[in-house]
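Visitor: Sequence positions in the sequence shown follow mature numbering (1 follows the signal peptide of the UniProt record, and there is no 0) and run -18 to -1, 1 to 111. First the structure, then my questions, so here it is.
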Amino acid sequence: MVKSKLLLFALIFSVIGACSHHDPISSFEGYFGSVNTNNELQFDCSKTAKRNLNTTTEEGYSCIVEVTENTTIKTEDGDVLSVDELKKWEANRLNKRKEAKVILIEEKDINPDKESREGLKASEIIILN
């Protein structure tokens, strides 16, 4: 009797775990938001974070992306940019928001959970025209 209850609980938790699993992604697109004091970049990643939700919500989500010494930041035309140039864009973002494609160093499941949207590391950031 006890073994059958344990087996039932194990089966239930397996199903719940399988249903809550999302596919990791290697890149996402979103609007550039800001540069924080650690030179980490903030992007709107709402569309990516909500990609597996079955409901519509207007809640927005941001991703914090670390720029390493190996991260390339460039425009779609191939012009290389620095974090300092992005800081200038941040000051002018009310005029025109910049959309970007962020290519991650390693795949990650980005979802509404805050932990999944922090500590991301980019291999390349492309500012879209």
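Quick reminder that beta carbons are idealized off the backbone N, C-alpha and C, glycines included.
Just to check my reading of the structure: THR37 and ILE7 have Cβ atoms closer than 8 Å, yes? What is that Cβ distance to the nearest angstrom?
Guide: The count along the sequence shown starts at 1 and reaches residue 37 at position 55. The count along the sequence shown starts at 1 and reaches residue 7 at position 25. That pair is no contact at about 20 Å.
Visitor: Measure from the alpha carbon of LYS42 to the alpha carbon of each residue in LYS90, LEU102 and GLY12, then state which is nearest.
Guide: In the sequence shown, the residue the question calls residue 42 occupies position 60. Position check: residue 42 holds Gly in this sequence, whereas Lys was assumed. Of the listed residues, the one whose Cα sits closest to GLY42 is GLY12.
Visitor: Output the boundary residues of the alpha helix (DSSP H) element that contains LYS32.
Guide: Reading the sequence shown from its first residue, position 50 is the one you call residue 32. Where LYS32 is concerned, there is no enclosing alpha helix (DSSP H), because DSSP gives it neither an H nor an E.
Visitor: Mapping the DSSP letters down to three states, classify THR54 as helix, strand or coil.
Guide: The sequence position of residue 54 within the sequence shown is 72, counting from 1. Correct three-state label for THR54: strand.
Visitor: Taking 6 Å as the limit between beta carbons, can you name the residues of its chain near GLU106, skipping five residues before and five after?
Guide: Here residue 106 refers to the residue found at position 124 when the sequence shown is read from its first residue. Answer for GLU106: THR54 and ILE85, listed in chain order.
Visitor: Going by the DSSP bridge assignment, what does GLY12 pair with across the sheet?
Guide: As a first step, residue 12 is located in the sequence shown; it is residue number 30 there, counting from the start. According to DSSP, which records beta bridges pairwise, GLY12 is partnered with ALA82.
Visitor: Please state whether DSSP places LEU102 in a helix, a strand or coil.
Guide: In the sequence shown, counting from the first residue as 1, residue 102 sits at position 120. Looking at LEU102 - three-state DSSP - the assignment turns out to be strand.
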